[in-house]
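Novice: The sequence shown finishes on residue 257 if you use our numbering, and the numbering steps up by one all the way, no holes.
For glycine and all other residues, C-beta sits at the position ideal for the given N, C-alpha and C.
Structure below; questions to follow.
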Amino acid sequence: MGYLENFKVVDEVAIVSGGSKGLGRAMALGLAECGAKVVVASRTVSLIEETANEIIKNGGEAIAVPVDVKNPQSIEQMVAQVVDRYGRVDILINNAGIAPMKKTMETDIEDWNDVLNTNLKSAFLVSKAVARSMIRQRRGKIINMGSVLGHMVSGVSMPYCVSKAGIAHMTKALALEWAPYGLNINCIAPGYFETEMTAEAREDESHLKFLKFKIPFKRFGKPEEIVSAALFLASSASDYVTGAVLYIDGGYSIW
Ligand SMILES: NC(=O)c1ccc[n+]([C@@H]2O[C@H](COP(=O)([O-])OP(=O)(O)OC[C@H]3O[C@@H](n4cnc5c(N)ncnc54)[C@H](OP(=O)(O)O)[C@@H]3O)[C@@H](O)[C@H]2O)c1
């Protein structure tokens, strides 16, 4: 009864970090199509404006707010701007991320800090900034973008794997801590999708061959194939789901 209604996010205020490109862009467009007011947030102003303008052109509502998720001050400014404008935040997708392909012996402390600060520390800081508003409302949906590489590992990009394992664990810790306030904290763990992040892997013939062998569906995901999972976790359809890690990976993590 009314099951379809449960998937609606009409007039809900949703922040998508890294919403200018790839998976973030697809989720921003998808949430807007389903009625959310979307805040597109990342560093490159021209690109966040492009995504926000596309949403508006499609009849939706969006604003572009610059943020560097490595910078705590920038996060506070971004969230303050959103709360000033809309008075609340209902949905947060911690999606901004980087994945440099470097072997450990070529990885220096700056590389480590860059990956851990962008992919992991940022989720702590943005979630905390947004939870103030969500706890007041006694409702809120936080979706952290993890990865199959938070569960399994790859031979390149050790700090990336560590950051995504941290994301899965942070998801569970926050889910437990914030359940009494009615917040849902979940994680989407994508496999390999066709975005800029995986361009290098797709151009490397032997890596591509391995991935196609490993992925039971024998192909990369398309960014729009992440959107339904995000809508489920962002909407009332998932009200009894918290602390979950949802793999969207064409079967990559099965074996
Ligand atoms: N693509 C995949 O196959 C895959 C697989 C597993 C997990 N994931 C995860 O899914 C998320 C999105 O990946 P994607 O493939 O869509 O990546 P992408 O196409 O490279 O886009 C990354 C986004 O993050 C933003 N970003 C990076 N550093 C930032 C910072 N310091 N502050 C604010 N924004 C920042 C980028 O914008 P600016 O550079 O302009 O700031 C961009 O919008 C990431 O967390 C990634 O780890 C992706």
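1. Measure the CB-CB distance between Ala-66 and Val-81 and report whether it falls below 8 Å.
2. Tyr-194: beta carbon under 7 Å from a heavy atom of ligand 1?
3. Do you know how far the Cα of Ala-246 is from the Cα of Ala-177?
4. Between the C-alpha atoms of Gly-168 and Val-155, what's the straight-line distance to the nearest angstrom?
5. I'd like the list of long-range same chain contacts for Val-85, defined as Cβ closer than 8 Å, with 5 residues on each side in sequence excluded.
6. Please determine whether the Cβ atom of Asp-206 lies at a distance below 7 Å from any heavy atom of ligand 1.
7. So is the beta-carbon of Asn-60 under 7 Å away from any non-hydrogen atom of ligand 1?
8. If we call anything under 8 Å between Cβ atoms a contact, is Ile-190 one with Ile-250?
9. Taking buried to mean at least 16 other C-beta atoms within 10 Å of its own C-beta, is Lys-166 buried or exposed?
10. Do Val-40 and Ala-30 have their C-beta atoms within less than 8 Å of each other?
11. Hey, is Met-232 close to ligand 1, as in C-beta under 7 Å from one of its heavy atoms?
12. Which residues in the same chain as Leu-248 place their Cβ atom closer than 6 Å to its Cβ, once the five residues preceding and following it in sequence are excluded?
13. Does DSSP classify Met-103 as helix, strand or coil?
14. Quick check: Asn-96 and Ser-19, are their CB atoms within less than 8 Å of each other?
15. Closer than 7 Å: is that where the CB of Glu-198 sits relative to any heavy atom of ligand 1?
16. Can you tell me which of Glu-226, Ser-240, Gly-4 puts its alpha carbon nearest to the alpha carbon of Gly-32?
17. Is Met-154 helix, strand or coil by DSSP?
18. How many angstroms separate the CA atom of Thr-120 from the CA atom of Lys-10?
19. Measuring only the C-alpha atoms, how far is Asp-116 from Lys-72?
20. Using C-beta distances below 7 Å, list every residue in its chain close to Phe-126, excluding the 5 sequence neighbours before and after it, in chain order.
21. May I ask you to verify whether the region 234-244 touches the region 191-206, counting CB pairs closer than 8 Å and requiring at least 3?
22. Kindly examine ligand 1 and report whether one of its heavy atoms sits closer than 7 Å to the Cβ of Asp-13.
23. Is it right to say Val-12 is buried, meaning 16 or more other beta carbons lie within 10 angstroms of its own, or is it exposed?
Specialist: From the atom records:
1. Result no, Cβ atoms of Ala-66 and Val-81 do not sit closer than 8 Å.
2. Short note on Tyr-194: C-beta closer than 7 Å to some heavy atom of ligand 1.
3. Here the alpha carbons of Ala-246 and Ala-177 stand approximately 9 Å from one another.
4. Distance between the alpha carbons of Gly-168 and Val-155 is about 13 Å.
5. Cβ within range, chain order: Val-91, Ser-135.
6. No; taking the cut-off as 7 Å, the Cβ of Asp-206 has no heavy atom of ligand 1 nearer than that.
7. Ligand 1 has no heavy atom closer than 7 Å to the beta-carbon of Asn-60.
8. Yes, the pair counts as a contact, with Cβ atoms nearer than the cut-off.
9. Burial check for Lys-166: the Cβ neighbour count within 10 Å reaches 16 or more, so the residue is buried.
10. Closer than 8 Å, so yes.
11. A small correction: the amino acid at residue 232 is Ala; Met does not occupy that position in the sequence shown. Flag unset: Cβ of Ala-232 not near ligand 1.
12. Same-chain partners within the cutoff: Ile-190, Ala-231.
13. Secondary structure at Met-103: coil, using DSSP grouped into helix, strand and coil.
14. In this structure, Asn-96 lies near Ser-19, with their beta-carbon atoms less than 8 Å apart.
15. Result yes, Cβ under 7 Å from ligand 1.
16. Nearest in C-alpha terms to Gly-32, of all of Glu-226, Ser-240, Gly-4, is Glu-226.
17. For Met-154, the secondary structure class from DSSP, reduced to helix, strand or coil, is coil.
18. When rounded, the separation of the alpha-carbon atoms in Thr-120 and Lys-10 is 30 Å.
19. Cα to Cα, the separation comes out at about 8 Å.
20. Spatial neighbours of Phe-126 in its own chain (CB-CB distance under 7 Å, excluding positions within 5 residues in sequence) are listed in chain order as Met-172.
21. Contact annotation: the region 234-244 does not touch the region 191-206, with fewer than three C-beta pairs closer than 8 Å.
22. No; taking the cut-off as 7 Å, the Cβ of Asp-13 has no heavy atom of ligand 1 nearer than that.
23. The residue in question, Val-12, is exposed, as its Cβ has fewer than 16 Cβ neighbours within 10 Å.
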